[in-house]
Structures are given as C-alpha cells and as structure tokens.
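Using our numbering, read the sequence shown as starting at 729 and increasing by one per residue. All residues carry an ideal CB built from backbone N, CA and C; glycine is no exception.
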Amino acid sequence: MTVCSDLNTLNGYLESSRAAGLTIGFVPTMGALHEGHLALVQKAAEENQTVVVSIFVNPSQFNNPNDLATYPRTLESDIELLSRIESVVVFTPEIQHVYPESDDFQPIELNGLDRVMEGTHRPGHFAGVVHVVNNLFQLIQPDRAYFGKKDYQQLAIIRYMVEKRNLPIEVVSCDTIRSDEGLALSSRNMRLTEEERKDALHIYQTLLRVKELAFHYTPEEVKARAIEFFNEANLDLEYLEIANAKSLQPLTAEWAQLSVCCIAAWCGDVRLIDNLELTN
Ligand code: PAF
C-alpha cells in the first residue's frame, strides 16, 4: 500500500493509473476510520482499479475550536485498517497542499441546502466542507467519489456542487453502517463512555419511531411526537427535522415521496447526528 503526503508522489501514481486506463475512486476522510469508512473504501475498490483515501482533518469546517482540538487522530491504526484493502493509496496532505497560496476557490450558492439543520447550527461548516472537497477533487481528479448517507446533508451538498460546477465525477453514496444495536458508526463514538453509548441508542430508536408514524400523520405531528419520545432519554436534542430528501427543506403538512428525518443531539459533550429516509 502506498502512503504519501507529497503531491509529486501522488501525481506520479495517478498519472500512471490514468495512462494504464484505470479508473480512480476517491474516498475523502478526516481519519479515525471505522467500518463505515471501510465500507466506502471497499465499494470504491470494487468499482475502480485505483482508490485514493485522503486523511485530512480540515480546520475550516469546524465552527467549534474544541471540536477540532478533540477530534480523534489515529493515523497509525487508520493505515493499518486500509492496508487490508487492495489498490489503496493513502494521501495525508499537509495544509499547504490543500489550501495553497494560489487557491482560487470561489464559493458557490447552495440553493438553500446549507441554510437548514447542520447549516443553521454549525455556521460556516458547509463552506469549509465544499472548499476542502473542491480542492481535493482538483488535486485527485477522480472518476468517482464516495460519501456516506450518515452525513446526509453533506452528501446532498456535494452532489449539488458537482452538478452545478459540471465536474466529471460520479458521486456514489453508501448506506449508514450501524452497530448491532443501531448506533450509527461515527469517529466521534470513540469519545463516548459506555453509559453514553447506551444513551445514544435512543437516537436510532427515535428514527424508528418516526418511520412507524410517517405517512399516518402529518410531518408536523410526527415531529412533535418524535421530540416528545426523544426527550425521555438522557440526551440534549439540538434539532429533529423532517424534510424533503432532495431539497432538505422542512415538511409540515404534506409528505414528500422521499422524505428524511435528521437528528443532531449531544450525548454528554459529544455531538452526534443520524438520519433515516422515509418512503410511503
Ligand atoms: O465527512 C467527512 O469526514 C468530511 O466532511 C470530509 C468529506 C472528509 C471533508 O473534510
């Protein structure tokens, strides 16, 4: 397995892959890898002959300095996990590679996708995500890029950016991977105590409750009942929204054919997000 942090080595590798007619799959990550990331890398390896996995904790997407400081960094074990999958190049860029002085990135209007849920509660977060993903796309120029549905809003925004900028990249989504009890896998779970891990299960239980009620009552009524149920647990709800799965705008009276329920909550001092798609 190749691990590189310099652009020359990366470019040499990418050029020889392209010259041999191989497709390049790309999985951007911030490290602290878990089975959810590995599922993305596995899928990328099934669909491409070369897979680049970037590991870069992107400062510009953290609106909370403490969150950035405490974000888990586990490079050695990340590399060990990735070494089990064939054809993977691990790219661990320095900040000046991702954000060079010559950076001419122009922010894009995100059609309201960034003005709800995470966008409201984490100001500047999506501007940072779009910037870093755009710059990594420029460096790697993949044929396909892989994102998990766990970050539902991020996925919608990246799809929109690719479409709007007309980038020749196929965005591939992968389902959320959960623990046996239903907790969505996340790098942040590493920071949960055993007790908090149990409390956190209530997030998925609430999503399942929403799924049971969906389409029998209005979205507004389901939301109210779900919040009541959620608040029985030892968690602090930041938001619970029922939205149109494409536009991400909140639903009140009518369901969309594909709707989604998204939750963000604090479990102790760890912020978790999760979601579930809802179809009739
Ligand atoms: O989902 C993440 O881990 C990050 O937001 C991403 C896409 C790697 C950009 O830093």
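Straight-line gap, residue i to residue j (C-alpha atoms, nearest Å)
i: residue 884; j: residue 737; result: 32 Å
i: residue 813; j: residue 774; result: 10 Å
i: residue 820; j: residue 964; result: 35 Å
i: residue 867; j: residue 950; result: 44 Å
i: residue 934; j: residue 980; result: 18 Å
i: residue 997; j: residue 921; result: 11 Å
i: residue 958; j: residue 968; result: 9 Å
i: residue 1014; j: residue 800; result: Limits of the chain in this structure are 729 at one end and 1008 at the other, which puts residue 1014 out of reach.
i: residue 889; j: residue 749; result: 26 Å
i: residue 869; j: residue 743; result: 11 Å
i: residue 808; j: residue 983; result: 45 Å
i: residue 972; j: residue 840; result: 12 Å
i: residue 780; j: residue 956; result: 44 Å
i: residue 987; j: residue 943; result: 10 Å
i: residue 937; j: residue 803; result: 38 Å
i: residue 823; j: residue 952; result: 44 Å
i: residue 806; j: residue 767; result: 14 Å
i: residue 995; j: residue 962; result: 8 Å
i: residue 734; j: residue 810; result: 19 Å
Three-state class that DSSP yields for residue i in the structure shown
i: residue 893; result: coil
i: residue 775; result: helix
i: residue 753; result: strand
i: residue 966; result: strand
i: residue 737; result: helix
i: residue 927; result: helix
i: residue 788; result: helix
i: residue 917; result: helix
i: residue 973; result: coil
i: residue 1007; result: strand
i: residue 980; result: coil
i: residue 946; result: coil
Outcome for residue i when other beta-carbon atoms lying within 10 angstroms are tallied against a minimum of 16
i: residue 985; result: exposed
i: residue 786; result: buried
i: residue 897; result: buried
i: residue 794; result: exposed
i: residue 940; result: exposed
i: residue 1007; result: exposed
i: residue 842; result: buried
i: residue 862; result: buried
i: residue 784; result: buried
Closer than 7 Å: residue i CB and nearest ligand 3 heavy atom
i: residue 903; result: In the structure on display, ligand 3 does not appear, and the ligands it does have are ligand 1.
* Asked: Given 8 Å as the limit, is there contact between the stretch 923-935 and the stretch 881-894, that is, 3 or more CB pairs closer than that?
  -> no
* To do: List in chain order: all unbroken beta strand (DSSP E) runs of 3+ residues lying wholly within the stretch 793-848.
  => 816-819
* Could you pull out every unbroken beta strand (DSSP E) segment of at least 3 residues lying fully inside the stretch 850-908, listed in chain order? => 872-876 and 898-902
* To do: Could you say if the stretch 853-861 and the stretch 946-961 meet the contact criterion of at least three C-beta pairs nearer than 8 Å?
  => no
* Taking three-plus beta-carbon pairs below 8 Å as touching, is the stretch 751-766 in contact with the stretch 844-854? -> no
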